[in-house]
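Counting in the numbering used here, the sequence shown runs from 795 upward without gaps.
Structure, as structure tokens:
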Amino acid sequence: LDISSLTSTVAGKEVTDTKGIYTLMITQLLPNGLMGILVAALLSGLMSQISGALNSISTMVSYDIYQRYKPETDDKKLVKVGKISAGISLIVSLALLPLLNNYESIFNGLNDIIAHIAPPITCVFLLGIFWKKASAIAAKYTLWAGSAIGTVVFAINKLLPTSAIGQIPFMMMAFYLFCVCLFIQVGLSYIFPVKHTMESEKLYWESPLASLKIKGENGLGNYKLLSILLLVLMAFLFYTFR
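Here it is in structure tokens:
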């Protein structure tokens, strides 16, 4: 739930610049010693996020992609491939910094980028769980086509901001891209029908309500109770900051 757009006014007055609020609170409200501890915590958290992302990228490229097509590759070669992929991803992320600086906030920038990347992944995931006719070949081509379409649309959005595509809000664009990916995967699933096995039939739900049949844990760890609490919390936040 994105509630950032709901907080554009405070006490009836429009907030024009919110970028420096967090920094201002740190420098004005915290004593010097505690300020240093907080900065160290922020830097360590940032380094942890970067390290985790690079490690995930290198592992995915070396094991899930490279080794799949070259299964005879030894561990030394896989480590080298992982290092190269991590270095390339770091360079690409640095190259994206000027793009993020063009946004009002990093939050808006990240959400805009994710809105063009997530639709094919979400579509494949949802159909793979809820629709038994979704095939692996259709999912693969949907990921390829959806990623390509999202990249092209994102480029048009930035290069031609006054065009019809450039005027669409990123959240609506995510919905439109999802619908396109949905159409692609459904169509390809009928062209390349799935042949289920006993194992694959256990991977999808018979109905969207199938998960409710699972008993779950007792007490506060029950997923049904946690889901209800989450919905109540989201409704409360939306009503509070509307």
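Beta carbons: idealized from backbone N, C-alpha and C, even for Gly.
Contacts around residue i, its chain only, beta-carbon distance under 8 Å, and the 5 residues preceding and following it disregarded
i: residue 941; result: 911 and 914
i: residue 998; result: 922, 923, 924, 925, 926 and 928
i: residue 930; result: 988
i: residue 933; result: 918, 921, 922 and 979
i: residue 985; result: 932
i: residue 872; result: 856, 857, 860 and 861
Bounding residues of the alpha helix (DSSP H) (the contiguous stretch that carries residue i)
i: residue 874; result: 869-889
i: residue 915; result: 900-924
i: residue 1043; result: The requested residue 1043 does not occur in the structure, where the chain is confined to residues 795 to 1036.
i: residue 816; result: 815-823
i: residue 931; result: 930-953
i: residue 961; result: Premise fails: residue 961 is in no alpha helix (DSSP H) and is neither H nor E.
i: residue 1032; result: 1017-1034
Inter-residue CB distance, residue i and residue j (contact presumed, cutoff 8 Å)
i: residue 879; j: residue 856; result: 7 Å
i: residue 836; j: residue 824; result: Not confirmed; about 12 Å, so no contact.
Chain-order list of residues whose beta-carbon lies under 7 Å from that of residue i (same chain, five-residue window excluded)
i: residue 853; result: 876
i: residue 960; result: 950, 951 and 954
Close Cβ partners of residue i (< 6 Å) along its chain, the five nearest in sequence each way excluded
i: residue 906; result: 964
i: residue 935; result: 982
Checklist entry - With contact counted as at least three CB pairs below 8 Å, one residue from each stretch, are the segment 913-924 and the segment 966-981 in contact? => result Result yes; three or more Cβ-Cβ pairs closer than 8 Å.
Next on the checklist: Can you confirm whether the segment 1013-1032 touches the segment 959-970 when touching is taken to mean that 3 or more C-beta pairs between the two stretches lie within less than 8 Å?
Outcome noted: Counting C-beta pairs with one atom in each stretch, the segment 959-970 and the segment 1013-1032 have fewer than three that are closer than 8 Å, which means they do not touch.
Checklist entry - Counting Cβ pairs closer than 8 Å, one from the segment 937-952 and one from the segment 1023-1036, do we hit at least three? => result Between the segment 937-952 and the segment 1023-1036 there are fewer than three inter-stretch CB-CB distances shorter than 8 Å, so the stretches are not counted as touching.
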